[in-house]
Amino acid sequence: MTEARTVWGTGLSTIAGDGTVLDAWFPEVTAVEPGADDAATALAALEEFTGPDERRNVSVQTVQLQINLDAAPASTADAYLRLHTLSHLLVRPNELNLDGIFAHLPNVAWTNAGPMHPVDAARLRPVLQRSGIQVQGLDKFPRLTDYVQPAGVRIADASRVRLGAHLSPGTTVMHEGFVNFNAGTLGASMVEGRISQGVVVGDGSDIGGGSSIMGTLSGGGAHRVSIGARTLLGANAGIGISLGDDCVVEAGLYVTAGTKVVLVDGPATPDGGRKTAKGSELSGRDGLLFRRNSLSGAVEAVQRAGVGVTLNDALHA
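So the sequence shown is residues 1 to 317, counted in this note's numbering.
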């Protein structure tokens, strides 16, 4: 029988006046079970930060729990510990159970003083204004940087990266880049486009400005898109299929599973043309250049040799 994969966390949880658990912050997450003394010490170290905040109508309490990564989330604190586990790089995207996580994540008014219940945010607006507290968003997920400071990573606009993003050292997320939860990079990468939930990007790849990678939420398909190493997704391009290593998608070109692709390097057909394939048939292959023929408008795939893209080392050190 396979041994359960577990993680432990000690942190602080914010509870609204009506009893709603709004969040949980875990400064450290470990796969090694702490001893009784260490667990008690971790709780004691956070006690000074507990107590009520009448401005937001919340109270802060310590929380300590162990979760099974292969079981579904069972509470709000459990869900937050899973998101922390991803952002602390203990597991990669799609390597833990997130089934039903939305049911355990209440919609929260995120303020510059911490989370609060949306109803209280509306009711206490005059109090919040006098205290200099501003509502910065209404969402189930907070900003990554409010909970985890990933090592060796640059994030130009913190509001565009959610807690639960997996960002490896050397990653740069520019102002228009977006990284969802349970998604991210496996090495140094440039992110100027959108990395949707469930998507992983390999080492040395570049997600160009305004580009889009389809995820599986909100009616998407079951295929989880991945991008290999040293691959370039051009500006304003998009994909609904996986890309292997050393691939290039031309700027402005969108390739989905159903896209008709002309195989430029394939054998000729009896009428002198070239064979075609659906985008899904090329999913995950290495060394492909996807382009649009400037004369016919057809989407083409060309086998290419060598490295797909080389990042600027100075920007990703």
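Glycine is no exception: its CB is placed at the ideal position from the N, C-alpha and C atoms.
| Query | Result |
| --- | --- |
| Beta-bridge partners of residue 278, as assigned by DSSP | 260 |
| Which residues DSSP lists as bridging residue 9, in chain order | 29, 65 |
| Buried or exposed (CB count within 10 angstroms, at least 16 for buried), residue 269 | exposed |
| Beta carbon of residue 298 nearer than 8 Å to that of residue 278 | no |
| Anticipated Cβ contact below 8 Å, residue 58 with residue 15, distance rounded | 6 Å |
| Contact under 8 Å by Cβ, residue 235 with residue 210 | yes |
| Segment contact flag, the segment 37–51 with the segment 70–88, C-beta cutoff 8 Å, min 3 pairs | no |
| Coarse secondary structure for residue 83, derived from DSSP in three states | helix |
| DSSP state of residue 241 mapped onto helix, strand, coil | coil |
| C-beta atoms of residue 88 and residue 153 nearer than 8 Å | no |
| Residue range of the unbroken alpha helix (DSSP H) whose run includes residue 197 | Counting along the chain, residue 197 falls outside any alpha helix (DSSP H), and DSSP gives it neither H nor E. |
| Residue 56 - DSSP class collapsed to helix/strand/coil | coil |
| Own chain partners of residue 21 with C-beta closer than 8 Å, once the 5 adjacent residues on each side are dropped | 13, 14, 15, 75, 76, 77, 106 |
| Helix, strand or coil at residue 101 [DSSP, three-state] | helix |
| Contacts around residue 266, its chain only, beta-carbon distance under 6 Å, and the 5 residues preceding and following it disregarded | 274, 275 |
| Residue of 17, 35, 19 minimising C-alpha distance to residue 10 | 35 |
| Reference residue 63; option with closest CA among 25, 271, 79, 206 | 25 |
| Three-state secondary structure assigned by DSSP to residue 145 | helix |
| Same chain only: Cβ atoms within 7 Å of residue 134, ignoring 5 sequence neighbours per side | 111, 112 |
| Beta strand (DSSP E) segment containing residue 291, residue limits | 288–292 |
| Distance between residue 215 and residue 309 (C-alpha atoms, nearest Å) | 24 Å |
| Secondary structure, beta strand (DSSP E): runs of 3+ residues fully inside the segment 157–189 | 183–185 |
| Run of the alpha helix (DSSP H) containing residue 231, from where it starts to where it stops | Run containing residue 231: none; DSSP gives neither H nor E here. |
| Cα-Cα separation, residue 239 to residue 130 | 47 Å |
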